[in-house]
Amino acid sequence: MPLEIVTLPTLTGSMNNYNFLIHDSKTGQTALVDAPEDDGIAAELKRLGWGLDVILLTHHHWDHIDGAAALSSEFDAKIIGAAQDAHRLPPLAQEVSPGESFDLFGREVQVIDVPGHTVGHVAFYMPSENALFSGDSLMALGCGRLFEGTPAQMYDTLTKLSGLPADTVIYSGHEYTADNAAFAMTIEPGNEALQNRVKAVKQARAANNPTVPSLLSEELATNPFLRSTSPEVQATVGLTGADPVAVFTEVRKRKDNF
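Using the UniProt record's numbering, you'd call the opening residue of the sequence shown number 1 and step up by one each time.
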């Protein structure tokens, strides 16, 4: 029986964060991916009649960890995060490293190193669920701003994630898709798949519906940060035939100033 994955917008503040509940209806166990706050998440768990057993943290930024310690205390949930980031995460019950796997409710979770947005950022991939919890690495029509890592690191991260099965569902950390879509149209306006996706994003947001998660196949076809080898993308940024890392670097620079 597949796990139930609930996309949960942050219920307090204006962070536009998403966190995710992973629920095993057979055992009644529940995990949370990232914890920007505690009160709203606790209220939603109680509304659903669920406890909380595990908290997975992708990276150290406050808007992904601020509620973790309080939720861990309230629900007696163990916190799992990257060993290399343990010094700037809430106290971890289990430290994990890239390349390792661990068990979550009888399913394998693979730990993937995804530096770029931060150094020490990890993603959690569950092959049985076709699910990638990417935090602020690969995002819907975008990627995270480079606060600590280099463009080459983020390009390598995105290339690595692009190699996952095309039907992988990408559970990313923020509702930034409308802004990302507007930017993407400045980079590859002739992309028909992108044009169609932009329309769908506008419709979803007009109805106050989330645009996360997304499919990796959608990202490969429309996300400008995954399309550094596209002739139109290269031409737009004036780097036809250039190294894809250089193309990615220019696209990321333009997004930073968009």
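Each residue gets a CB set at the ideal place from its N, CA and C atoms; glycine is no exception.
| Asked | Found |
| --- | --- |
| Within a Cβ cutoff of 7 Å, which residues of the same chain sit near A83, ignoring the five residues on either side of it in sequence? | E95, V96 and S97 |
| Which residue comes first and which comes last in the beta strand (DSSP E) that contains F102? | S101 to L104 |
| Tell me the DSSP secondary structure of K202 in three-state form. | helix |
| Pick out whichever of A206, F147, L216 and T27 has its Cα sitting closest to the Cα of L132. | L216 |
| How about H59 and G163: are their beta carbons less than 8 Å apart? | no |
| Among the residues of its own chain, which have a CB less than 7 Å from the CB of T222, if the five just before and after it don't count? | L141, A184, N191, A193, L194 and R197 |
| For the region 9–90, which segments carrying the beta strand (DSSP E) assignment without a break, of at least 3 residues, lie completely within its bounds, in sequence order? | 18–24, 29–33, 54–56 and 78–82 |
| Note down, in chain order, each residue of its chain lying with its Cβ closer than 8 Å to the Cβ of T7, except the 5 sequence neighbours on either side. | Y18, F20, Y171, P210, V212 and P213 |
| For F105 and D24, what's the separation of their Cα atoms in angstroms? | 7 Å |
| Could you round the C-beta distance between I55 and L89 to whole angstroms and report it? I think they count as a contact, below 8 Å. | Not really, about 10 Å apart at Cβ, beyond 8 Å. |
| With respect to the beta strand (DSSP E) encompassing S172, which residues constitute its N-terminal and C-terminal limits? | V169 to S172 |
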